[in-house]
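Asker: Counting from 1, position 99 in the sequence shown corresponds to residue 99 in UniProt numbering; the numbering is continuous, with no gaps. Just so it is clear, CB atoms sit at the ideal spot from N, CA and C, and this is done for glycine as well.
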Amino acid sequence: MITSHTIVKNEQRFIKPSLLSVIDHVDRFLVWDTGSTDATVKEIKSINSNKIDFSQKGAAGRNGLVKLRNQQIAATKTPWILLLDGDEVWPEKNLIQLIKAAENASINTLALVNRTRNAIGDVYHYLPESSGRYRIGPWSGNLNIRAIKNLPGLKVIGSYPDEAYTINGRSIQDQPERLEFVDTWYLHLTHLKRSGWRHQAKVVDRLKKFKWWGRREKLKPGELPEALST
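1) Rounded to whole angstroms, what is the Cα-Cα separation between residue 27 and residue 133?
2) Near residue 118, what residues of its chain come up, given a Cβ to Cβ distance below 7 angstroms and the 5 sequence neighbours on each side ignored?
3) With distances taken Cα to Cα, identify the nearest neighbour of residue 169 among 158, 176, 138, 129.
4) Let's test the definition: count the other Cβ atoms within 10 Å of the Cβ of residue 221 and tell me whether it reaches 16, buried, or not, exposed.
5) Pull up the CB-CB distance for residue 84 and residue 131, whole angstroms please, since I reckon it's below 8 angstroms.
6) Please state whether the Cβ-Cβ distance between residue 78 and residue 3 is less than 7 angstroms.
7) Beta-carbon separation of residue 12 and residue 33 under 7 angstroms?
8) Between which two residues does the beta strand (DSSP E) containing residue 180 stretch?
9) Taking the Cβ atom as the reference point for each residue, do residue 54 and residue 44 lie within a distance shorter than 7 angstroms?
10) Run through the UniProt domain "Glycosyltransferase 2-like" (7 to 106) for me and flag every whole beta strand (DSSP E) of 3 or more residues, listed as ranges in chain order.
11) Hey, out of 200, 147, 173, 185, whose CA is closest to residue 224's CA?
Pasting the structure below:
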């Protein structure tokens, strides 16, 4: 029912827990590396699963990343797509909640909106929901769209990081009447150190995302994604 799409470069610290956090709940994994110089490829290959379709695509710039996203769409036959970056880790019960929402979604639904918890300092702390400035339709806060219905006409347009998933040329995000909100979250590790500094410097926009300070909240017992606690 679901194919997961992942495009990575120099994500050696969290790529394995990221993939492991969803692998039991997707049918197929498209994992494409774009020129990692650290141990990312080794970490991916250490996962023994026939679900993973791994490919090394070589370096990709801002437009190249969008081209690869569209190639992943073209290679997908399942009715739903789960977007998963190498710095995103799901608690299992939260992912199950998202998948059940996809299974029960209205025929008119294009995608699901969910929350994110953006880690800061370490994997145990995150920015408060009040820090979120995203708005998708009537919803606001730390939000993202991670589950998208694989419909004819689905295409990514624009250039990273301002690309958009569209249906017949219209941004999915700009059609809130065809979105459903799922009150669940994944842990987003974008502000943490995800590889060695010299490797991070080779990734588009990576260094500007790093943060170690700020008002933060602590995960409650049992909230840390299982893939990060092993």
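Answerer: Looking at the coordinates:
1) Between the alpha carbons of residue 27 and residue 133 lies a gap of roughly 33 angstroms.
2) Same-chain partners within the cutoff: 126, 127, 142, 188, 190, 191.
3) 158
4) So residue 221 ends up on the exposed side.
5) About 23 angstroms separates the two Cβ atoms, so there is no contact after all.
6) yes
7) Residue 12 places its beta carbon 7 angstroms or farther from that of residue 33.
8) 179 to 188
9) In this structure, residue 44 lies closer than 7 angstroms to residue 54 by Cβ.
10) 28 to 33, 52 to 56, 80 to 83
11) For the set 200, 147, 173, 185, the Cα lying nearest the Cα of residue 224 is the one of 185.
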